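Since the structure comes first, as structure tokens, the remarks are kept for the end.
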Amino acid sequence: MTTLQILALVWLALVFAVSLWQHINLGLIMIPAAFVLAEIAGVPVKSLYAGFPTKLVLLVLGVAFLWNHVQESGLADIFVTAMVRAARGRAFLLPWVMAFLTAVICAVGALPAAALAITIPVAMEIARRENIRAALMGTVVIQGACVGGFSPFNPWGNLVAMQAAQNGIAFDSVFFFLCQGALALAVGLVGFFCFGGLKLLRQKGQNGQVEPAVKAGADVLPTSARAVDKALTRSGLTAYQWCSLAAVLCFITLVLRRLDVGLTAFAAGMTLQIIFRTNGKQAIAKLPWGIALMIGGVLLYVGLLEKMGVLHAIGSALSGMENPSLVRYGISLLGTIIANFESSSVAVLGLVIPVAIKSMGSAVQAIAANMQLALLSGSIAVMAASPFHIGGALILAETETADRTFKDLLLWVVCLALVLPFLAFLL
26 MTTLQILALV WLALVFAVSL WQHINLGLIM IPAAFVLAEI AGVPVKSLYA
76 GFPTKLVLLV LGVAFLWNHV QESGLADIFV TAMVRAARGR AFLLPWVMAF
126 LTAVICAVGA LPAAALAITI PVAMEIARRE NIRAALMGTV VIQGACVGGF
176 SPFNPWGNLV AMQAAQNGIA FDSVFFFLCQ GALALAVGLV GFFCFGGLKL
226 LRQKGQNGQV EPAVKAGADV LPTSARAVDK ALTRSGLTAY QWCSLAAVLC
276 FITLVLRRLD VGLTAFAAGM TLQIIFRTNG KQAIAKLPWG IALMIGGVLL
326 YVGLLEKMGV LHAIGSALSG MENPSLVRYG ISLLGTIIAN FESSSVAVLG
376 LVIPVAIKSM GSAVQAIAAN MQLALLSGSI AVMAASPFHI GGALILAETE
426 TADRTFKDLL LWVVCLALVL PFLAFLL
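Count the sequence shown with my numbering and you get residues 26 to 452, in order.
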């Protein structure tokens, strides 16, 4: 590595430390830090701007804008009421139900980012109403996307299969899918219990059984949900709710047809804004500008690191190792670190998987090769819970406890980034 590349990493660590010490928005401090580094390294400002994650920022703001209308109309209350009733008082099932829905959407071919944009707003609303920790709900739902994302019908799964075929690896898509699914389920269970899942499991009757949903006229729904349910029974949906439902269905349909998530959400939300003339200033104020700024600043700096060749230099150093176990550990560690800051998991998979396959050699058995690929791919995918990734950003944008949730998610992905590469070393 060159002196400038080492300086870029040291500067990154220093800026991160100052952000934590002074409680400054990390993205806000990263923007001038990236500018200073670009001037020192001689990188043109135009190239610096090219690293700004416009698509991701618009995705976060657009989904939040549309979901604010869903909340304002009262349709969100109806969604939550239906989900709570379906769980029959078992609050611990709600994260897994949302994870299952996310997995199904991904399994039929939708990109995980699109699926999460559909399910996370609903999941976060359920978490808020049922007093479920946002990090618990978010990490479990993201594992659903990780499971479905590597189905044989999803671009993620096809990317790994294509890379394996090009390098002569006997790839079994079903076995790979099952291995990756087992990893995602294990990670989801760990996240569930780390963020308060045991407390949810203990929400039972005195005899250890879950209390029935309806008993002697009682209702397990929260007071606000019961009020919405009564209003729905008496008068049906309002015009605002009908139009919000139509907007959500159109949004889901268009996203599944591969239209841009953020722009589609803005279009649907603005249609509702124009028709029902809601408070424009309030609509703007409700958008998660702090989250968008944080994501933009951090990824601007990461883009500069890519321009300077820092990530490529680290990858080249790792691929030059002779010990296969150390190579797997190094590649997995690099992949998890990059995935924390790269909004596109496909891009990280495309960068890391070829290096991993080349390190395996032709002597590796098919079963071992598939397991190694599943562990590496899964390690990258679960980083979607990072506050700087699409999944984590959507969670932060839709929760009222953003500061606490940011710390939860950051600690979570740091632990995963340390533990999962070690498993790759042992495999």
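Every residue, glycine too, gets a C-beta built ideally from N, C-alpha and C. A quick note: this is a predicted structure, and the numbers were derived from the prediction, not measured.
Cα-Cα separation, G334 to A33
10 Å
Buried or exposed: where does T248 fall if 16 or more other Cβ atoms within 10 Å of its Cβ makes it buried?
Residue confidence for T248 is low, a pLDDT of 42 falling below 50, so the modelled location carries little weight and cannot support an answer.
Endpoints, alpha helix (DSSP H) assigned at V95:
T79 to S98
Which residues in the same chain as M346 place their Cβ atom closer than 7 Å to its Cβ, once the five residues preceding and following it in sequence are excluded?
V352 and G355
For R113, count the other beta carbons within 10 Å of its own beta carbon; 16 or more makes it buried, fewer makes it exposed. Which is it?
exposed
Entirely enclosed alpha helix (DSSP H) segments - the stretch 318 to 382, minimum 4 residues:
335 to 344 and 349 to 366
By the 10 Å Cβ neighbour count, where 16 or more other Cβ atoms means buried, how is P237 classified, buried or exposed?
Below a pLDDT of 50, predicted positions are generally treated as unreliable, and P237, at 38, falls in that range; no measurement from the model is reported.
Limits of the alpha helix (DSSP H) - the one that T28 falls within:
T28 to Q47
CB L119 to CB E155, shorter than 8 Å?
yes
Report the CB separation of I415 from L81 in whole angstroms; it is logged as a contact under 8 Å.
6 Å
Quick one: what does DSSP say K224 is sitting in, helix, strand or coil?
helix
What residue does the alpha helix (DSSP H) around L284 start on, and which one ends it?
Careful: L284 lies outside any alpha helix (DSSP H) and carries neither H nor E.
Measuring straight from C-alpha to C-alpha, what distance separates T263 and T144?
23 Å
Taking C-alpha atoms, which residue in F301, F431, Q397 and C440 lies nearest to I362?
C440
Taking the continuous alpha helix (DSSP H) assigned at I167, which residues delimit it?
A159 to G174
Among G261, G294 and Y265, which residue has its Cα nearest to the Cα of I277?
G294
Verify whether the separation of the beta carbon atoms of L454 and V95 is less than 8 Å.
Beyond the ends of the chain as shown, which are 26 and 452, falls residue 454; an answer cannot be given.
Span separating the alpha-carbon of L400 from that of M187
17 Å
Taking the Cβ atom as the reference point for each residue, do S404 and F175 lie within a distance shorter than 8 Å?
no
Pull up the CB-CB distance for V172 and A128, whole angstroms please, since I reckon it's below 8 Å.
5 Å
What are the boundary residues of the alpha helix (DSSP H) that F125 is part of?
L118 to A132
Between which residues of its own chain and I382 is the CB-CB distance below 7 Å, once the five residues before and five after are set aside?
Q188, A189, N192 and I194
Please state whether DSSP places T278 in a helix, a strand or coil.
helix
Span of the alpha helix (DSSP H), counted from its first residue to its last, around P137:
P137 to R154
Using a Cβ distance threshold of 8 Å, determine whether the stretch 302 to 317 contacts the stretch 31 to 45, with at least three qualifying pairs required.
no
Buried versus exposed call for S44 [16 or more other C-beta atoms within 10 Å across all chains shown]
buried
Which of helix, strand or coil does DSSP assign to K507?
In the structure as shown, the chain begins at 26 and stops at 452. Residue 507 is therefore absent and cannot be evaluated.
Straight-line gap, W437 to L336 (C-alpha atoms, nearest Å)
23 Å
Grab me the residues of A124's own chain with a C-beta within less than 7 Å of its C-beta, minus the 5 sequence neighbours each way, in chain order.
V165, V166, Q168, G169 and G213
Could you check if E64 is buried or exposed, using at least 16 other CB atoms within 10 Å of its CB as the buried criterion?
exposed
So what does DSSP say about L51, is it helix, strand or coil?
helix
Out of N50, T28 and F90, which one is the CA nearest neighbour of I309?
F90
Do you know offhand how far L226's Cα is from A116's?
8 Å
Would you mind reading off the limits of the alpha helix (DSSP H) that contains P446?
A427 to L451
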